[in-house]
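Report on the following structure.
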Amino acid sequence: METATCLNISRQTVSKLWKQFQNDGSVVRRPTQGRKRMTTASEDRYLALTARRNRKATARQLSSELAAATGTVASRQTIYRRLNEKGLYARKPRVCVLLSSQKKIDRFNWCKEHQNWTAHQWSHVLFTDEPRFSFTGDSKRVYIWRKSGTRNDPSNTVERDRFGSGGVMVWGGIMIDGRTPLHVFSSRSVTGQIYRDEVLDPYVRLFRGAYGPDFLFMDDNARPHRANLVMNSLESEDIKRIPWPPNSPDLNPIENLWDYLGRAIARIHPPPRDIFCSPDEEGPVAALEID
Numbered sequence: 001m002e003t004a005t006c007l008n009i010s011r012q013t014v015s016k017l018w019k020q021f022q023n024d025g026s027v028v029r030r031p032t033q034g035r036k037r038m039t040t041a042s043e044d045r046y047l048a049l050t051a052r053r054n055r056k057a058t059a060r061q062l063s064s065e066l067a068a069a070t071g072t073v074a075s076r077q078t079i080y081r082r083l084n085e086k087g088l089y090a091r092k093p094r095v096c097v098l099l100s101s102q103k104k105i106d107r108f109n110w111c112k113e114h115q116n117w118t119a120h121q122w123s124h125v126l127f128t129d130e131p132r133f134s135f136t137g138d139s140k141r142v143y144i145w146r147k148s149g150t151r152n153d154p155s156n157t158v159e160r161d162r163f164g165s166g167g168v169m170v171w172g173g174i175m176i177d178g179r180t181p182l183h184v185f186s187s188r189s190v191t192g193q194i195y196r197d198e199v200l201d202p203y204v205r206l207f208r209g210a211y212g213p214d215f216l217f218m219d220d221n222a223r224p225h226r227a228n229l230v231m232n233s234l235e236s237e238d239i240k241r242i243p244w245p246p247n248s249p250d251l252n253p254i255e256n257l258w259d260y261l262g263r264a265i266a267r268i269h270p271p272p273r274d275i276f277c278s279p280d281e282e283g284p285v286a287a288l289e290i291d
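Quick note: the sequence shown uses the UniProt record's numbering, first residue 1, plus one each step.
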């Protein structure tokens, strides 16, 4: 009675613990067997092997395959837990460019040809590209923290314009020891004439004059870049191009800069609605300035 009063617990609890101590010499809770595990060790190995062989299989598909092979019916949650125990987790796959066998050979040959270039040789190359950025941000880059069951709340929704309005197309170039200004195109698309008038004449031509005959111009194989008037303009200014393998944006170091700038735009809140922001506003041009 005194023990129950001092510990502020019932007499029945004290009596139960005293009897357990007399029988076991301890008052530690006895381990219980718990729920029987739904899958065996061999079934767990089968699940992991099946998931590795078909990495795009859903938990529902894996559950069906397990049932067909062993007769064990497991829920999607059980499938997730078993695969997690084996070190396998559901994640977004890394996306890469689809390349034909010939394009792979072209990329390999290009890399092999340039693998021993010195820093001095690379210092004469102007790497350029023209990406498009959305003023409303890129929802594919953005993750949010939210409570379960609040997916449809307005505060947890990112707007995307299916027609791509509110975007800007820019051009820029980088070298080991220099860069071009960031150019915003006057139109939403680039033609050969726009490329010549807004990029080659005001920027690339001047870099060629500054760096001399060793200057090399890098742009990809987009159709506007290979227009006849563009080719003629480069030839007239004695601007040499560095050969570039098709579908190889990952070889262009400026892609790292575009990724950084895209993330910077996505962090602007509220997002700008147009490019004409006041000087004290943080608009897309401010976010895209290359320091």
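Think of the CB as a built atom: it goes at the ideal place given N, C-alpha and C, for glycine as much as any other residue.
When the Cα atoms are used, what is the spatial distance from residue i to residue j?
i, j, result
"residue 13", "residue 19", "10 Å"
"residue 201", "residue 248", "25 Å"
"residue 38", "residue 88", "19 Å"
"residue 132", "residue 261", "11 Å"
"residue 56", "residue 21", "55 Å"
"residue 114", "residue 172", "23 Å"
"residue 284", "residue 134", "Since pLDDT at residue 284 reaches only 46, below the 50 mark, its modelled position is unreliable, and no value is offered."
"residue 86", "residue 80", "10 Å"
"residue 266", "residue 258", "12 Å"
"residue 52", "residue 90", "12 Å"
"residue 96", "residue 198", "31 Å"
"residue 254", "residue 54", "35 Å"
"residue 116", "residue 210", "26 Å"
"residue 6", "residue 24", "24 Å"
"residue 8", "residue 15", "14 Å"
"residue 41", "residue 92", "28 Å"
"residue 109", "residue 121", "18 Å"
"residue 305", "residue 268", "Coverage of the chain is limited to positions 1 through 291, which leaves residue 305 absent and any answer about it impossible."
"residue 111", "residue 212", "25 Å"
"residue 150", "residue 226", "50 Å"
Take residue i as the anchor and find which of the options has the nearest alpha-carbon.
i, options, result
"residue 219", "213, 231 and 211", "231"
"residue 228", "192, 261 and 244", "192"
"residue 74", "62, 263 and 91", "62"
"residue 214", "240, 236, 76 and 43", "240"
"residue 206", "237, 226 and 47", "237"
"residue 119", "267, 175 and 53", "175"
"residue 256", "128, 16, 212 and 9", "128"
"residue 189", "168, 203 and 96", "168"
"residue 65", "43, 85, 81 and 86", "43"
"residue 36", "78, 233, 152 and 204", "78"
Within a Cβ cutoff of 8 Å, which residues of the same chain sit near residue i, ignoring the five residues on either side of it in sequence?
i, result
"residue 194", "185, 186, 187 and 224"
"residue 242", "125, 216, 217 and 218"
"residue 221", "244 and 246"
"residue 177", "123"
"residue 208", "215, 217, 237, 238 and 239"
By Cβ distance below 6 Å, which residues in the same chain neighbour residue i in space, the five residues on each side in sequence not counted?
i, result
"residue 290", "Residue placement at residue 290 cannot be trusted, given a pLDDT of 43 that sits under 50; the coordinates are not used to answer."
"residue 251", "none"
"residue 203", "180"
"residue 163", "Reliability fails at residue 163, whose pLDDT of 46 lies under 50, so the model's placement of it is uncertain and no value is given."
Write down the C-beta distance between residue i and residue j rounded to the nearest angstrom, noting that I regard them as a contact closer than 8 Å.
i, j, result
"residue 47", "residue 83", "6 Å"
"residue 76", "residue 59", "4 Å"
"residue 196", "residue 233", "5 Å"
"residue 170", "residue 130", "6 Å"
Are the stretch 68-85 and the stretch 104-117 in contact at 8 Å, needing three or more beta carbon pairs? no
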